[in-house]
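See structure below.
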Amino acid sequence: MLRDRVLFDCQACGACCCNTAKNIALDHRGYIEVLPSDVMFMRRPDLMCALTVIDDVGVHQMRLEGPEQRCTSLKGELGENVTCSIYRWRPEGCRQVTAGDEECLKARKSMRARHDNVPEEPDEDSL
Ligand code: SF4
Ligand code: SF4
47 MLRDRVLFDC QACGACCCNT AKNIALDHRG YIEVLPSDVM FMRRPDLMCA
97 LTVIDDVGVH QMRLEGPEQR CTSLKGELGE NVTCSIYRWR PEGCRQVTAG
147 DEECLKARKS MRARHDNVPE EPDEDSL
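Counting from 1, position 74 in the sequence shown corresponds to residue 120 in my numbering; the numbering is continuous, with no gaps.
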């Protein structure tokens with residue numbers, strides 16, 4: 047679909063790799079869980095050690111950084127040019143967001159409230 051190709055270029059976005067404005071307001075820093083069933087958990091203890099923290103209830107979470115609380119594995123400039131540095135090993139939760147789906151739209155909206163690099167999605171008719 048043209049709309050998807052034009053608007054939802056994940057390598058020029060990164061919104062879903064950052065904690066949400068709502069979570070930040072509530073001081074919830076657990077955004078991306080890494081579960082025992084995740085390939086990184088099973089096969090990359092080095093990455094688990096370097097990139098995750100353990101929350102209050104013992105769950106591994108991707109470490110978040112900076113004012114946007116972006117995942118530590120997200121490299122590049124938000125809204126311009128980003129990449130996941132552990133794409134092959136990324137947690138299952140990351141694999142479930144699809145460009146243009148409900149979670150994607152929510153993440154983009156949340157990020158737009160804090161960052162002016164994520165553009166509004168225009169109406170289908172305007173493309
Ligand atoms: S919020 Fe949507 S467009 Fe942006 S990186 Fe995530 S899936 Fe891709
Ligand atoms: S692990 Fe990769 S895909 Fe998942 S939130 Fe971090 S940067 Fe994004």
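We put the beta carbon where it would ideally sit given N, CA and C, even for glycine.
Can you list, in chain order, the residues of its chain whose CB lies under 7 Å from that of residue i, leaving out five sequence neighbours each side?
| i | result |
| --- | --- |
| HIS161 | GLU114, LEU124, GLY125 |
| GLU111 | THR118 |
| ALA67 | SER156, ALA159, ARG160 |
| VAL103 | none |
So, at 6 Å on beta carbons, what are the nonlocal neighbours of residue i in its own chain, with the 5 sequence-adjacent residues on each side left out?
| i | result |
| --- | --- |
| VAL164 | ALA61, GLY125, ARG154, MET157, ARG158 |
| ASP101 | GLY76, GLN107 |
| TYR133 | none |
Taking 7 Å as the threshold (C-beta atoms), are residue j and residue i in contact?
| i | j | result |
| --- | --- | --- |
| PRO120 | CYS63 | Looking at the sequence itself, residue 120 is Leu, so the reference to Pro does not match. Taking 7 Å as the Cβ cut-off, LEU120 and CYS63 qualify as a contacting pair. |
| THR9 | GLY122 | The displayed coordinates of the chain run from 47 to 173. Any statement about residue 9 would go beyond what the structure contains. |
| MET88 | TRP135 | no |
| ALA109 | LEU97 | Looking at the sequence shown, residue 109 is not Ala but Arg. Contact flag set, yes. |
| ASP84 | PRO137 | yes |
| GLU79 | VAL105 | yes |
I need the DSSP call for residue i, collapsed to helix, strand or coil.
| i | result |
| --- | --- |
| ALA153 | helix |
| ILE70 | helix |
| HIS107 | It is worth fixing the name first, because residue 107 is Gln in this sequence and not His. DSSP places GLN107 in strand when its eight states are reduced to three. |
| LEU48 | With a pLDDT of 49 at LEU48, under the threshold of 50, the modelled position of that residue is not reliable, and the figure given next carries that caveat. It is helical. |
| ARG158 | helix |
Does the Cβ of residue i have 16 or more other Cβ atoms within 10 Å, making it buried, or fewer, making it exposed?
| i | result |
| --- | --- |
| ASP73 | exposed |
| LEU53 | buried |
| CYS59 | buried |
| ASN65 | buried |
| LEU48 | Interpretation of LEU48 is limited by its pLDDT of 49, a score under 50 that renders its predicted location unreliable; no figure is taken from the coordinates. |
| LEU173 | Model confidence at LEU173 stands at a pLDDT of 45, short of 50, so the residue's coordinates are unreliable; what they give is reported in the following sentence. Its Cβ having fewer than 16 others within 10 Å, LEU173 is exposed. |
Near residue i, which residues of its chain fall below 8 Å by C-beta distance, leaving aside the five closest residues on each side in sequence?
| i | result |
| --- | --- |
| GLN142 | GLU149 |
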